[in-house]
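A short worksheet on the structure shown next.
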Amino acid sequence: MTQVLSNGPTTTTAPAPSFGSQIADPAPLGLAAFALTTFILSVFNAGLLPKSAEVVILGVALFYGGLAQLFAGMWEFVKGNTFGALAFSSYGAFWMSFWYLVAHSGLTKADAPQGIGIFLLAWTIFSAYMTFVTHKISGLLFILFSVLMVTFSLLTIGAFFSAPLITNIGGYFGIVTAFIAWYASFAGVHNGTIKTSVLPTWPR
Numbered sequence: 031m032t033q034v035l036s037n038g039p040t041t042t043t044a045p046a047p048s049f050g051s052q053i054a055d056p057a058p059l060g061l062a063a064f065a066l067t068t069f070i071l072s073v074f075n076a077g078l079l080p081k082s083a084e085v086v087i088l089g090v091a092l093f094y095g096g097l098a099q100l101f102a103g104m105w106e107f108v109k110g111n112t113f114g115a116l117a118f119s120s121y122g123a124f125w126m127s128f129w130y131l132v133a134h135s136g137l138t139k140a141d142a143p144q145g146i147g148i149f150l151l152a153w154t155i156f157s158a159y160m161t162f163v164t165h166k167i168s169g170l171l172f173i174l175f176s177v178l179m180v181t182f183s184l185l186t187i188g189a190f191f192s193a194p195l196i197t198n199i200g201g202y203f204g205i206v207t208a209f210i211a212w213y214a215s216f217a218g219v220h221n222g223t224i225k226t227s228v229l230p231t232w233p234r
């Protein structure tokens with residue numbers, strides 16, 4: 031049996047980059063948008079600023095908490111991150127729907143407790159099963175979503191029962207949620223920029 035050997039130059043073909051691998055990590059953007067918007071609203075929910083000034087949240091809710099997070103979610107789809115895509119797209123939609131609820135819903139004072147209560151309850155349920163998923167991803171995300179779930183639970187109770195004190199407590203939990211999300215955003219952009227995991231996120 032004759033074996034033919036080729037002495038010519040050989041070429042190796044590098045594997046093609048995966049779809050979406052060339053775009054930046056959208057998670058720090060989504061987390062920053064979530065943190066900042068949550069912080070502003072939670073300050074009012076905690077009763078630290080008068081309700082009459084709460085209108086300042088509307089523009090931030092629509093453009094930063096809403097659109098920026100929605101874009102982050104779409105980019106997570108491109109990168110193949112199912113959890114990030116679902117979380118950022120959904121909470122982006124939450125902030126846009128919040129903007130509409132406050133600016134255009136026309137809820138009467140009598141209907142507001144039930145209307146806002148069921149709105150917040152639905153998001154509490156969503157946050158609960160997302161919290162369950164995070165324990166397989168990151169210790170930091172698990173803490174973030176656990177505090178967020180408590181925040182939504184307290185705001186739901188406060189809305190249904192027209193209990194300002196419970197809403198105030200929920201506001202303080204929301205402030206804590208915002209700072210945890212800010213830390214997660216900071217860790218993501220810092221570690222991603224210097225290519226070293228200096229700030230811990232406790233991955234699983």
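Positions 31 to 234 (the numbering used here) are the ones given, in order, by the sequence shown. Positions of the beta carbon are idealized from the N, C-alpha and C atoms, including for glycine.
*Could you have a look at S127 and say whether DSSP puts it in helix, strand or coil?*
In this structure, S127 counts as helix in the three-state DSSP scheme.
_In this structure, how does DSSP classify S168 when only helix, strand and coil are distinguished?_
strand
*So what does P233 bridge to, in DSSP terms?*
Partner(s): S168.
*asked:* Please report the distance separating the alpha-carbon of A133 from that of S215.
replied: 29 angstroms
*Proximity to I210 [Cα-Cα], best of N198, A63 and Y130*: A63
_Between I196 and L184, how many whole angstroms is the CB-CB distance? I'm expecting something under 8 angstroms._
About 6 angstroms; that satisfies the 8 angstroms criterion.
*asked:* Going by DSSP in three states, V206 sits in which element: helix, strand or coil?
replied: helix
*Return helix, strand or coil for A62, following the three-state DSSP convention.*
helix
*Put F190 into one of helix, strand or coil per three-state DSSP.*
It is helical.
*Please state if the CB of P56 and the CB of A117 are separated by a distance shorter than 7 angstroms.*
no
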